[in-house]
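Q:
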Amino acid sequence: MQLTDLGTIRDLFSRHGFSFTKSLGQNFLINPSVCPKIAEMGGCGEKVCALEIGTGIGVLTKELALRTKKTVAVEIDKGLEPILEETLSDFHNVEIIFGDITEINLKKLFEEKFQGEEVVVCANLPYYITSPVIMRLLEERLPIRSVTVMVQKEAADRICAKVGSRESGALTVAVNYYSTPKKLFGVSRGSFAPSPNVDSSVIRLDIADETRYHVRDEKLFFRIVKAAFSQRRKQMVNPISSDLKISKEKLSDILRSVGASPTARAEELDMNQFVALCNAVYTDLNQS
Ligand code: SAM
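Take numbering that gives the first Met the number 0: the final residue in the sequence shown is number 287, and no numbers are missing along the way.
What follows is the structure in C-alpha cells.
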C-alpha cells in the first residue's frame, strides 16, 4: 500500500471514518521520497530501535520498521488505531502507544520498551509542540543516540544557528548544550496533505557526551540563558541582574572575566562564554 498516495489516503479515511484534526498538527506526508530519507539519515539499522512521535497513518513508521530491530511510536489520536492496524499489519516489530508525548513517562517507556538497546528518535513532529518535545527528549538525558525531526523551517534555522550569531536564541543554546544540531534537508509545504502555510526542514541532533560542558548548576545555566535572551536585542546585563539580584557592576566584571563586553547582547556570546558566565555567577552567589 502506497501511503503517500492521495487516493489511498482518501480511501483509508472514508473506510475508517477518519478526518484530519488541524489542532493536532495533522499534516501528513505525501512526498514519497521524504520518509525513507528520514529513516536512512536518522541512523536506523537492524541493531537499532526507533522511537517515533506522531504516526499519522504510519508512513514514516513503516520506513522505520523496515530498517530497525523494533519501532515504538507514540500517537495521541486514537481515531487512527483502525487505520494503523491495517497499514502496519505486515510489521511485527512495531508497537503503537496511544498517548500524549508531552505527558507520557519517557524514562519508564525507555526502560520497558527498549531495555538498554540503542535508540534513535525519528519524527515528523506536530509543530505546535516542537520546542517542548525537543527539550524533553534532551533534558531527561534519555539513552538516545540522535533525534531526527521534521520541524518548521524557521524553527530549524533557529535551532541550527551558530551560538553567538544574530539568528541564535535560548533554544539554540539549550539544544547545543545537549547535542550537535545539523540541518539535513528542506521539505516544501506541497509535500503534505493538507498543505501547511510554511515550509519545513529535517534536522538531526546528535546527542553529546554529558561531560562536554562543565556547568556547575544546570538550573542556573538555563535561567541565565533564558534571562539573557528575554530582551534579545538589548544588553544582557540588565535582565540577568534583575532576575538574579546581582548588581550590574558585579555582572559587568563577570562578563569581562569571560571575555565578553559588559554591553554584550546574548546573541554575541558563544557556548563556552555562557558556561563560564554561569560558573562565575554560581561562585559569586555562593560566596555572598
Ligand atoms: N508521521 C506522520 C506523517 O509524517 O505523515 C504524521 C505527522 S503529523 C505532522 C503529526 C502527528 O502527531 C499526527 O498524527 C498527530 O495526531 C500526532 N500528535 C499530535 N500531538 C501529539 C502529541 N501530543 N503526542 C503524540 N502525538 C501527537
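Using N, Cα and C, we set each Cβ at its ideal position, and we do this for glycine too.
Output the boundary residues of the beta strand (DSSP E) element that contains T179.
A: From DSSP, the beta strand (DSSP E) with T179 extends over 178–186.
Q: What separation, rounded to the nearest whole angstrom, lies between the Cα atoms of A259 and F273?
A: Distance between the alpha carbons of A259 and F273: 10 Å.
Q: Select from D99, K68, E102, G98 the residue whose C-alpha is nearest the C-alpha of H91.
A: For H91, the nearest C-alpha among the options comes from K68.
Q: Sort out for me which residues DSSP pairs R264 with in a bridge.
A: According to DSSP, R264 bridges with Q234.
Q: Whole angstroms is fine: what's the gap from L50's alpha carbon to V197's?
A: The straight-line gap from Cα to Cα measures roughly 25 Å.
Q: Can you give the Cα-Cα distance for I179 and R14, rounded to whole angstroms?
A: Checking the sequence shown, residue 179 turns out to be Thr, not Ile. Looking at the two C-alpha atoms, the distance is approximately 44 Å.
Q: Return the CA-CA distance between V58 and A227, expressed in angstroms with no decimal places.
A: Each residue's Cα considered, the two are about 41 Å apart.
Q: CB of T129 to nearest heavy atom of the ligand SAM: below 8 Å?
A: Not under cutoff, so the answer is no.
Q: Given this structure, state the Cα-to-Cα distance separating D283 from I239, to the nearest angstrom.
A: Roughly 14 Å between the two C-alpha positions.
Q: Scan the region 140–218 and note each continuous beta strand (DSSP E) run of 3 residues or more that stays entirely inside, going in chain order.
A: For the region 140–218, whole beta strand (DSSP E) runs of length 3 or above, ordered along the chain, are 143–151, 178–186, 199–206.
Q: Once the 5 residues before and after T171 are set aside, which same chain residues still bring their CB inside 7 Å of it?
A: Excluding residues within five positions, the ones whose Cβ falls inside 7 Å are R157, I158, A160, V162.
Q: Do you know offhand how far I95's Cα is from E84's?
A: Going from the Cα of I95 to the Cα of E84 covers about 10 Å.
Q: Which value, in whole angstroms, describes the spacing of the CA atoms of V146 and K244?
A: The alpha-carbon atoms of V146 and K244 are separated by roughly 37 Å.
Q: Could you tell me whether any non-hydrogen atom of the ligand SAM is closer than 8 Å to the CB of L276?
A: No, since every heavy atom of the ligand SAM falls outside the 8 Å radius drawn around the Cβ of L276.
Q: Return the chain-ordered list of same chain residues with a C-beta closer than 6 Å to the C-beta of V71, the five sequence neighbours on each side being excluded.
A: Here the set comprises L50, E94, K112.
Q: The alpha helix (DSSP H) spanning I75 covers which residue range?
A: Where I75 is concerned, there is no enclosing alpha helix (DSSP H), given that its DSSP letter is neither H nor E.
Q: Does the beta carbon of V162 fall short of 8 Å from some heavy atom of the ligand SAM?
A: No; taking the cut-off as 8 Å, the Cβ of V162 has no heavy atom of the ligand SAM nearer than that.
Q: Considering only heavy atoms of the ligand SAM and the C-beta of each residue, which residues fall inside 6 Å, strictly closer?
A: With the cut-off at 6 Å, the residues found are L23, G24, Q25, N26, F27, L28, I52, G53, T54, G55, V58, L59, V73, E74, I75, D76, D99, I100, T101, N123, P125, I128.
Q: With respect to the alpha helix (DSSP H) encompassing I253, which residues constitute its N-terminal and C-terminal limits?
A: Residues 247–256.
Q: Using only the alpha-carbon positions, how far apart do D76 and R140 sit?
A: For D76 and R140, the distance between alpha carbons rounds to 27 Å.
Q: Restricting to Cα atoms, I'd like to know which of P193, D10, N30 is closest to L23.
A: Comparing Cα-Cα distances from L23 to each of P193, D10, N30, the minimum goes to P193.
Q: Over what stretch of residues does the beta strand (DSSP E) that includes A122 continue unbroken?
A: 117–123 is the extent of the beta strand (DSSP E) around A122.
Q: Along the chain, where does the beta strand (DSSP E) that runs through C43 open and close?
A: Premise fails: C43 is in no beta strand (DSSP E) and is neither H nor E.
Q: Measuring alpha carbon to alpha carbon, tell me which of T3, N237, V73, R9 ends up nearest A265.
A: Minimum Cα distance to A265 is reached at N237.
Q: Would you kindly check if the distance between the Cβ of L276 and the Cβ of I223 is under 9 Å?
A: For I223 and L276, yes; Cβs fall inside 9 Å.
Q: For M0, count the other beta carbons within 10 Å of its own beta carbon; 16 or more makes it buried, fewer makes it exposed. Which is it?
A: Answer is exposed; the Cβ neighbour count stays below 16.
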